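Visitor:
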Amino acid sequence: MSGIWREASRPAGGVESRGIGRAEFAELVESHHADLVRLAYAMTGDVELANDIAQTTWASAWQHRAELRDRSRARSWLLTIAANRARSALRRQRLVHWLPLGSPRISGELSVEDVHSPDLVAALQRLAPRDRRILGLRYGLGETSAEIGRQVGLSDSGVRVRISRLLPALREELGDD
Amino acid sequence: MTDARQDLEGRFERRLRAELDAAVRPFSTSEIVSRAMDAGGARTARRRGLTLATAVMVALLALLVLGAVVLVGALRGGLAVEVTQTVDLGAGVARSMTAGDGALWIVRPAELDRVNPTTGAITPIALGTQAFDPVSVAYGFGSVWVLDEGGALLRIDPGTGSAIAKIPIQGELRDCHVAVGGDAVWVSLRDAMVVRVDPATDTVAKTVEVTSSASGLLATPGAVWVDGAGELIRIVLPASAQLGSVDLFVQDDMAAGLAPAANGVWVGSGLPGAVVNVSNDLEIVRSVDTRSHPLALATEGEWLWVGEADGTVEVIDTRDGSVRGHGTIGKYVRDLAVIDGSVWAFSQQAGVLYRLAMTKNATPTPTLGSPAPSLDPADVPIGWPLLPEDPAFTAGARAACLTMVGADPAMPFAAQERREPDWAIVYFANDAQIVGCSVHRAADGTIQPGDPYGFGVGGSSSRDSTGSHGHLTIAGAADATDVSPLYWSNVTGLVPERAARVLLIAGGKAAEAVIFDGTYAVSWQGMVKPTLLVAYDASGNEIDRIGSEVLDPMFTHRCDPQSIGGC
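These protein sequence lines map, in sequence, to chains A and B. Residue 94 in the numbering used here is what sits at position 94 of the first sequence, and the numbering runs on without skipping anything. Residue 1021 in the numbering used here is what sits at position 21 of the second sequence, and the numbering runs on without skipping anything.
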């Protein structure tokens, strides 16, 4: 059979470079490892699993480093890999995810009571995985709504609307009325 | 933003950051880098560690699957859906279609058309509305309802073709939908909201917030169903509130079709393709594989018609999930409608409206999707297709893979790809030999992440440490390490004493485990949780049964061989 042999992870254009070298990769680890753990923890609620996910994210990133053509997007790329891995882990734990919502919640004025829960991450686990990811990125990692939108496939305004609905919902879940 | 909102956000952020920070273990950058760089080697070591028995089991299982593919391909052969009439729609790609008042109603850019199903005559409806840009159409309450992207829902008198009412809709309406059901007309908005319009007053009666934007909308007498971003949402009536959702693990924003079912709804699911029956209490009841990605569904009696991305129209018997037949029209079958017992379809590619019918000699094919509960494993057919595919391709793929496995690799360990014009082999090698191989094919000739694979063989045919085909990433993927919406996993365990055969039942489908040297191994993919693992002795008598309460997919299940029934 005829055909062209090439490395699977190499860009279609046949670029010879493997991209990031060890030193640059180490810089990425230094800069982003903690945030990968934070995001994974927000999504899974499991410290051990979160640290494992971060580690495997780096393994995957190294293996696929040739695919990172735009270095300025490294953070977004890494966070997406971590989020995908967290989601996979959640799938393994539960095949079909149920999302009981009760009555719909309309965003509006919020009272000024503090959030008293001793464990916000545990409360996050009652939300859908994507919502955990959005809140984790926004409040745990300080990402902008535009950047979050790029990662989760929503518009900037869509992310803001989503967050405006999630916050009071989470407050209610925490019994903070 | 209000002070109260800012205040809440500030406290929430501080608390969440503190908790997340606590989860970060002290780490050594150099150690992480070393581990990451060594991961390939570790995987190689794992592959080396695979016993010959495992390799043989996987190979045998692959052969079994191949047999199923060939069988299903043969059974599915023959064109049972025929085109009995065509109507040339001319310029302008149709967007949506409905049936009502003895006619078909089609919207396309700046146009609403009435199609006479008997003569095929097309009558444009002149609404005199400037910048009219309809995106969706539905029929009910004696009216045609047209959603205008300009910001209104138009109520049209089907007799005169004139607008009876123009109901302003606030919000972005691009790619949104209108549906009629129960006592209301429903409109989806892009910002994850669904609007209820009262046909008695022609006013917006309620706005319901849902958890994701709709790529499809269906209203039935008891509920409104929203095909959301990776989830199916049910809005319960009359409270008009979201009851809940079920995660379908489809790509976000991928329209896949909705159709009513006696017990709930049928919804399409992509990658590689299935239609899923979801009950009113949001349980996945049945999943039936389709040839490609579903785009439009319609029910006619007991039959479910499925329009798909590759141009296939399949007919599925909703009573048992059997595929009754299939035919092909142009690519991207966007919508289906039923009128006077006839099914009509249009595709994006062809610009033609097709009237479809089943051939008289269409006979049911043996099902691969019978009901899962109270299932007698002995009656469940073995195997299912990993990829609805022609046997010749699958056989060729298998031969190509088997030729490669065991050969010297072209390079040290790496996942490598050999690409043909419309398919690719991905193989996996350690530093000594090629240990795994899988073949991938895309209908349009491009190989993309998530494309279905045709065949896999070897100790490992995945680049992911989970050993999952579904996690495969092919060249060009920017960030995809998890591209499959399907569950793909393995169950292994010790063979119960005297067991000669082990079957895994998942969603009405059965996979036969390969038994080797006192262990069994079985793999499956699908959207339905496996319900049973049953072992038989050499005489065919059931000797062990493991229920879903302990059969947890994605994890290895182990059974005490001395404790029959006590797993």
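We put the CB at the ideal spot given by N, CA and C, even for glycine. No experiment lies behind these values; they were computed from the predicted model shown.
Check this for me: beta carbons of GLY1307(B) and ASP1335(B), under 9 Å apart or not?
Guide: One-based indexing of the second sequence puts residue 1307(B) at position 307. One-based indexing of the second sequence puts residue 1335(B) at position 335. A contact, by the Cβ cut-off of 9 Å.
Visitor: Could you give the residue range of the alpha helix (DSSP H) that holds THR1203(B)?
Guide: The sequence position of residue 1203(B) within the second sequence is 203, counting from 1. Where THR1203(B) is concerned, there is no enclosing alpha helix (DSSP H), although the beta strand (DSSP E) it sits in stretches over 1203 to 1209.
Visitor: Under 7 Å Cβ to Cβ from ILE20(A), same chain only, skipping five residues before and after it: list those, please.
Guide: Stepping through the first sequence from its first residue, residue 20(A) is reached at position 20. The residues are ARG65 and LEU68.
Visitor: Determine the direct distance from the alpha carbon of VAL1197(B) to that of ALA146(A), and round the result to whole angstroms.
Guide: What you label residue 146(A) is simply residue 146 of the first sequence in a count that begins at 1. What you label residue 1197(B) is simply residue 197 of the second sequence in a count that begins at 1. Cα atoms of ALA146(A) and VAL1197(B): separation of roughly 33 Å, rounded to the nearest angstrom.
Visitor: If you count every other CB in all the chains shown that lies within 10 Å of the CB of SER1006(B), and 16 or more means buried, which is it?
Guide: Stepping through the second sequence from its first residue, residue 1006(B) is reached at position 6. Note that residue 1006(B) is Gln in the sequence shown here, rather than Ser. By the neighbour-count rule (16 or more Cβ atoms within 10 Å), GLN1006(B) is not buried but exposed.
Visitor: Pair every Cβ in the region 51 to 58 of chain A with every Cβ in the region 117 to 135 of chain A, then say whether three or more of these pairs are closer than 8 Å.
Guide: No, the region 51 to 58 of chain A is not in contact with the region 117 to 135 of chain A.
Visitor: Just reading off the alpha helix (DSSP H) that ALA42(A) is part of, what are its end residues?
Guide: Numbered from its first residue, the first sequence carries residue 42(A) at position 42. From DSSP, the alpha helix (DSSP H) with ALA42(A) extends over 22 to 44.
Visitor: Could you run through the region 1163 to 1182 of chain B and flag, in chain order, every residue whose CB is less than 7 Å away from some CB of chain A?
Guide: none
Visitor: With a threshold of 7 Å on Cβ separation, who are the neighbours of LEU120(A) within its own chain once the five nearest residues in sequence on each side are excluded?
Guide: Taking the first residue of the first sequence as 1, we reach residue 120(A) at position 120. For LEU120(A), where only same-chain residues beyond five positions count, there are no Cβ hits under 7 Å.
Visitor: Roughly how far, in whole angstroms, is the beta-carbon of GLN1348(B) from the beta-carbon of VAL1107(B), given that I think they are within contact range, below 8 Å?
Guide: What you label residue 1348(B) is simply residue 348 of the second sequence in a count that begins at 1. What you label residue 1107(B) is simply residue 107 of the second sequence in a count that begins at 1. The Cβ separation is near 14 Å, so there is no contact.
Visitor: So is ILE1032(B) in contact with chain A if we call contact Cβ pairs under 9 Å?
Guide: The residue labelled residue 1032(B) in the question sits at position 32 within the second sequence. Interface residue, yes.
Visitor: With three or more beta-carbon pairs closer than 8 Å as the criterion, would you say the region 25 to 37 of chain A touches the region 1009 to 1019 of chain B?
Guide: no
Visitor: Distance check for ASP1340(B) and THR1219(B), CA to CA, integer angstroms please.
Guide: On the second sequence, residue 1219(B) is found 219 positions in, with the first residue counted as 1. On the second sequence, residue 1340(B) is found 340 positions in, with the first residue counted as 1. First, the residue type needs correcting, since residue 1219(B) is Ala and not Thr in the sequence shown. Looking at the two C-alpha atoms, the distance is approximately 21 Å.
Visitor: Determine, for ARG126(A), whether the minimum Cβ-Cβ distance to residues of chain B falls below 9 Å.
Guide: Locating residue 126(A) in the first sequence gives position 126, counting from the first residue. Cβ-Cβ to chain B under 9 Å: no for ARG126(A).
Visitor: Going by the DSSP bridge assignment, what does TYR1536(B) pair with across the sheet?
Guide: Here residue 1536(B) is taken as the residue at index 536 of the second sequence, counted from 1. ARG1501(B) and GLU1542(B), per the DSSP bridge assignment.
Visitor: Could you give the distance in angstroms between the alpha-carbon of GLY1216(B) and the alpha-carbon of VAL1187(B)?
Guide: Counting from 1 along the second sequence, the entry for residue 1216(B) is found at position 216. Counting from 1 along the second sequence, the entry for residue 1187(B) is found at position 187. Those two C-alpha atoms are separated by around 10 Å.
Visitor: Would you mind reading off the limits of the beta strand (DSSP E) that contains GLY1140(B)?
Guide: Position 140 of the second sequence, counted from the first residue, corresponds to residue 1140(B). Its beta strand (DSSP E) spans residues 1134 to 1140.
Visitor: Using a Cβ-Cβ cutoff of less than 7 Å, which residues in the same chain neighbour ASP1574(B) once the five nearest sequence positions on both sides are dropped?
Guide: A query on residue 1574(B) cannot be resolved here, the shown segment of chain B reaching from 1001 to 1567 and no further.
Visitor: Can you name, in chain order, every residue of its own chain whose Cβ lies under 7 Å from the Cβ of ARG160(A), other than the five neighbours on each side?
Guide: Start at 1 with the first residue of the first sequence, and residue 160(A) comes out as number 160. Excluding residues within five positions, the ones whose Cβ falls inside 7 Å are SER145.
Visitor: Is LEU1089(B) closer than 9 Å to VAL1352(B) when the C-beta atoms are compared?
Guide: Taking the second sequence and counting its residues from 1, one reaches residue 1352(B) at position 352. Taking the second sequence and counting its residues from 1, one reaches residue 1089(B) at position 89. Yes, Cβ-Cβ distance for VAL1352(B) and LEU1089(B) is below 9 Å.
Visitor: What would DSSP say about ARG1324(B), mapped onto helix, strand or coil?
Guide: Residue 1324(B) sits at position 324 when you count from the first residue of the second sequence. Three-state result, ARG1324(B): strand.
Visitor: Per DSSP, which residues does TYR1332(B) bridge with? Please list them.
Guide: Residue 1332(B) sits at position 332 when you count from the first residue of the second sequence. Per DSSP, none; premise fails for TYR1332(B).
Visitor: DSSP has PHE1346(B) in a bridge; who is on the other side?
Guide: Here residue 1346(B) corresponds to residue number 346 of the second sequence, with the count starting at 1. Residue pairing by DSSP places PHE1346(B) opposite ASP1335(B) and LEU1353(B) in a beta bridge.
Visitor: Residues in its own chain within less than 7 Å of ARG150(A) by CB, not counting five upstream and five downstream?
Guide: Taking the first residue of the first sequence as 1, we reach residue 150(A) at position 150. Closer than 7 Å at Cβ, skipping near neighbours: SER76.
Visitor: Can you give me the Cβ contacts of TRP1266(B) inside the same chain, cut-off strictly under 6 Å, excluding the 5 residues immediately before and after it?
Guide: Position 266 of the second sequence, counted from the first residue, corresponds to residue 1266(B). Hits under 6 Å: ALA1259, VAL1275, ASN1277, LEU1297 and LEU1304.
Visitor: If the cut-off is 7 Å on Cβ atoms, which residues from the region 139 to 159 of chain A count as contacting chain B, listed in chain order?
Guide: TYR139, GLY140, GLY153 and GLY158
Visitor: Say whether chain B places a C-beta atom closer than 9 Å to the C-beta of ARG133(A).
Guide: What you label residue 133(A) is simply residue 133 of the first sequence in a count that begins at 1. For ARG133(A), the answer is no, since every Cβ of chain B falls outside 9 Å of its Cβ.
Visitor: Going along chain B, which residues have a C-beta under 8 Å from GLU30(A)?
Guide: Position 30 of the first sequence, counted from the start, is the residue given in the question as residue 30(A). The contacting residues are THR1029.
Visitor: Hey, out of LEU1504(B), ARG1498(B), ALA1511(B) and LEU1503(B), whose CA is closest to ALA1538(B)'s CA?
Guide: Here residue 1538(B) refers to the residue found at position 538 of the second sequence. The shortest C-alpha separation from ALA1538(B) is found at ARG1498(B).
Visitor: Rounded to whole angstroms, what is the Cα-Cα separation between LEU1533(B) and LEU1503(B)?
Guide: In the second sequence, residue 1533(B) corresponds to position 533, counting from 1. In the second sequence, residue 1503(B) corresponds to position 503, counting from 1. LEU1533(B) and LEU1503(B): Cα-Cα distance of roughly 6 Å.
Visitor: I'd like to know whether the C-beta of SER164(A) is nearer than 9 Å to at least one C-beta of chain B.
Guide: The sequence position of residue 164(A) within the first sequence is 164, counting from 1. SER164(A) counts as touching chain B.
Visitor: On the three-state DSSP scale, how would you describe ALA1184(B)?
Guide: Here residue 1184(B) refers to the residue found at position 184 when the second sequence is read from its first residue. Strand, per DSSP.
Visitor: Between ARG133(A) and ALA42(A), is the Cβ-Cβ spacing less than 9 Å?
Guide: Position 133 of the first sequence, counted from the start, is the residue given in the question as residue 133(A). Position 42 of the first sequence, counted from the start, is the residue given in the question as residue 42(A). Their beta carbons are under 9 Å apart, which means ARG133(A) touches ALA42(A) by this criterion.
Visitor: Quick one: grab the DSSP three-state call for SER1162(B).
Guide: Here residue 1162(B) is taken as the residue at index 162 of the second sequence, counted from 1. Coil.
Visitor: Taking the alpha helix (DSSP H) that VAL152(A) belongs to, which residues open and close that run?
Guide: Sequence index remark: in the first sequence, residue 152(A) carries index 152 (1-based). That run of the alpha helix (DSSP H) goes 145 to 152.
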